[in-house]
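Per this note's numbering, the very first residue in the sequence shown carries number 11; after that it's consecutive.
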Amino acid sequence: MSLLIGCSLVACFLGSCRTGSEERASSASAPPAPPGSTVAAEGTESSAPEAFRGVKVTFLGNAGFLITINDKKILIDGLIKSYRGPYTTPGDIVRRGMGCQAPFDSVDLVLVTHAHEDHYNPASIRLHLANNPSTILATTRQVSSVFPELGERTVVFHAEPGKPDVRLFGDIRVEAYALPHGGPGSGQPENYGYVVSVDGYSFFHSGDMDSPSFGFDELRSYGFPEKKLDFAIVQHFYLTDDPAERRLLTEGIGASYIIPGHYALTEPPFSRDTILRNYPEAVLFDAALDSWSLPTPAISWLAAEPMPTGNFAGRAVALGREIHIVGGRELSGVNGDFHLAYDTATERWARRAPLNRGRANFAMASVSGKLYAIGGDNFLSLVEIYDPVKDAWTAGAPMPTKRQHIDCAVVGGRIYVMGGLESWTRLSDKNEAYDPASDSWRAMAPIPTPRHNPIVAELGGRIFVIGGAGDASSIWKGLLVVEAFDPALNTWERMPPLPGVRFQAAVAAINGAIVIAGGGDERDSISSSIDAFDPAAGAWRAIGELPGPMVAGYLVPMGDRLYALGGCDGGLANIMRVYYADSLPSLP
11 MSLLIGCSLV ACFLGSCRTG SEERASSASA PPAPPGSTVA AEGTESSAPE AFRGVKVTFL
71 GNAGFLITIN DKKILIDGLI KSYRGPYTTP GDIVRRGMGC QAPFDSVDLV LVTHAHEDHY
131 NPASIRLHLA NNPSTILATT RQVSSVFPEL GERTVVFHAE PGKPDVRLFG DIRVEAYALP
191 HGGPGSGQPE NYGYVVSVDG YSFFHSGDMD SPSFGFDELR SYGFPEKKLD FAIVQHFYLT
251 DDPAERRLLT EGIGASYIIP GHYALTEPPF SRDTILRNYP EAVLFDAALD SWSLPTPAIS
311 WLAAEPMPTG NFAGRAVALG REIHIVGGRE LSGVNGDFHL AYDTATERWA RRAPLNRGRA
371 NFAMASVSGK LYAIGGDNFL SLVEIYDPVK DAWTAGAPMP TKRQHIDCAV VGGRIYVMGG
431 LESWTRLSDK NEAYDPASDS WRAMAPIPTP RHNPIVAELG GRIFVIGGAG DASSIWKGLL
491 VVEAFDPALN TWERMPPLPG VRFQAAVAAI NGAIVIAGGG DERDSISSSI DAFDPAAGAW
551 RAIGELPGPM VAGYLVPMGD RLYALGGCDG GLANIMRVYY ADSLPSLP
């Protein structure tokens, strides 16, 4: 593999951008990349198609919708027959649904709001469940009574007015609300509206609710606006000029987007102009099987003073009002003693005392106004301490285990150094804590999943070790696993996995969430995605994009700004840019 002066993903993975001669000279110290230089995801093959990420809503006709959220599929009121009049679903869609053909393959959950023929058909549901043995049907008592033979594959909600019923289906949470059906007479079926939450996203489907039957106050008592619904699917005849109906949707439900339902496309069911005039955030479909994707929130990035020289695979840490970038590599590819400080008030760069020994792929933290640089290339135990008052580095007690491709976090004034490589054939499960006050080390409970290049962040007194690479068979396998360490208890807990492989991503803890930006993935590409993990909700979600792809770069929060800087973009040796977002991203 000859890299010349470019920077490939595997080079960044190893933390090196080398000239051809440097690559040949160092070939004995590092194993060659596997064919294709592809990092395979844990539990996947490198040739697997890209997994869908995000939220996609597919209109099936009438009140039927297929909701795809990351790798989960929820089918609501979509398994019917053609029925009649304006409440039809095209026959081709009906056949696909019964046969579990795309896009109805691998549906996790079938929801039915009520027992009317334009919302469910027993034969269609039976065929779908027969063709997909893992699908679960969840519905009302009236609908479930039609399927006694399904046994545990049918879940019955028992919601009552004012008392929702909440059930969990793996990672899918469903809240069923008793919202009376409209229409003449007293023989109308029980109707459930559903709030569905998956991976930090949530939406509402009204079924055939009839607001005059229960009124605004009862709907508002359910607290739908406080749930911060991403979108709501409601009958199209509520989206009118009527102020009371507008209040029902905007104040009673309060979703970010409104999607009208309960119509076919055989004739114009409503005035598009009326809907868009009153609800500019409405999503209208032009044909059955049309899809709409929930937009990723935009983060407005502004360019700041560029770095004097590019840098990647080092570390960036806030110290006072400055961001210090230390170590890593520049264009030459040599382990650097690099040390720059960016003053966020004056927006100026200044050189600071270099490291006593150049290094990359190390750990660094700020404690009590000093910087601590620990380990790194080539398999170092060295600890250096930077005093900004003296502008000098001094030696600290060496780390017990020589490691590189490591990361760390600080809890209670101690620095916890996680994972890494102890040699080119040995992954590390080490979790070693350094106490700057006593200049001493202590071994802590090892990481359950050894790895190198982990993404490490502290939040709420716990340390989250995210992704990385390596397993018993290969140091090249990308990992999705996320584990949280509690220093007070010296214990580990498994957390929801990453939605995709991200190694050498930048990380920051912001507003009660962990944000990761950029990084490499299983397709040998470099990402610009920004994702957030909310530990309270136990969910990941996309929250924006970087200005461009970045791996082995840095993400630093400072006050009301979030800085993204440095790194490698795969085509250039370095990224010599600094960006900041004036408003922090919307988090879960």
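C-beta atoms are modelled at their ideal positions from N, C-alpha and C, and glycine is treated no differently. Computed from a prediction, not measured in an experiment: that's the story for all the values here.
Nearest to residue 415 by alpha-carbon distance, out of 355, 236, 463, is 463. Assigned with DSSP and collapsed to three states, residue 421 falls in strand. Between the segment 200 to 208 and the segment 529 to 545, the count of Cβ pairs shorter than 8 angstroms is below three; the stretches do not touch.
For residue 427, the closest alpha carbon among the candidates 373, 447, 99 is that of 373. The beta carbons of residue 182 and residue 215 sit no closer together than 8 angstroms.
DSSP, read as helix, strand or coil, puts residue 588 in strand. Secondary structure at residue 358: strand, using DSSP grouped into helix, strand and coil. Restricting attention to beta strand (DSSP E) runs no shorter than 3 residues, the segment 520 to 575 encloses them at 523 to 527, 539 to 544, 549 to 555, 564 to 568, 571 to 575, ordered along the chain. Judged by their CB atoms, residue 441 and residue 455 are nearer to each other than the 8 angstroms cut-off. In the DSSP assignment, residue 101 falls within the alpha helix (DSSP H) that extends over 101 to 109.
If you ignore the 5 residues before and after residue 539, its C-beta comes within less than 7 angstroms of the C-beta of 552, 555, all in its own chain and listed in chain order. Approximately 27 angstroms separates the beta-carbon atoms of residue 559 and residue 522; this is outside 8 angstroms, ruling out the contact.
Note on geometry: alpha-carbon atoms of residue 192 and residue 254 lie some 17 angstroms from one another.
Straight-line spacing of the CA atoms in residue 200 and residue 137 works out to 24 angstroms. Just measuring C-alpha positions, the residue of 470, 445, 430, 449 sitting nearest residue 459 is 430. Per DSSP, reduced to three states, the secondary structure at residue 263 is helical. Between the beta-carbon of residue 339 and that of residue 370 there is about 5 angstroms, and that keeps the pair under the 8 angstroms contact cut. Residue 117 and residue 235 have their C-alpha atoms spaced approximately 28 angstroms apart. In this structure, residue 328 places its C-beta atom within 8 angstroms of the C-beta atom of residue 376.
Following the DSSP letters along the chain, one finds residue 441 in no alpha helix (DSSP H) but inside the beta strand (DSSP E) bounded by residues 441 to 445. Relative to residue 224, the option among 350, 361, 262 whose CA is nearest is 262. Around the Cβ of residue 575, a 10 Å sphere holds 16 or more other Cβ atoms; the residue is buried. If you look at residue 296, you'll find it isn't in any beta strand (DSSP E); DSSP assigns it neither H nor E.
The C-alpha of residue 508 is placed about 13 angstroms away from the C-alpha of residue 210. Separation of residue 564 and residue 258 (C-alpha to C-alpha, rounded to the nearest whole angstrom) is 45 angstroms. Annotation: the continuous alpha helix (DSSP H) that includes residue 283 extends over 282 to 288. Distance between residue 251 and residue 290, taken at the CA atoms: about 13 angstroms. Distance from the CA of residue 516 to the CA of residue 465, rounded to the nearest whole angstrom, comes to 7 angstroms. The C-alpha of residue 479 is placed about 7 angstroms away from the C-alpha of residue 513. DSSP places residue 65 inside the beta strand (DSSP E), whose first and last residues are 65 to 71. For residue 154, the uninterrupted alpha helix (DSSP H) segment begins and ends at 151 to 154.
Taken atom to atom, the span from the alpha-carbon of residue 198 to that of residue 123 is near 13 angstroms. Taking residue 175 as the centre and dropping the five residues before and after it, the same chain places the C-beta of 167, 168, 169, 186 closer than 6 angstroms to its C-beta, in chain order.
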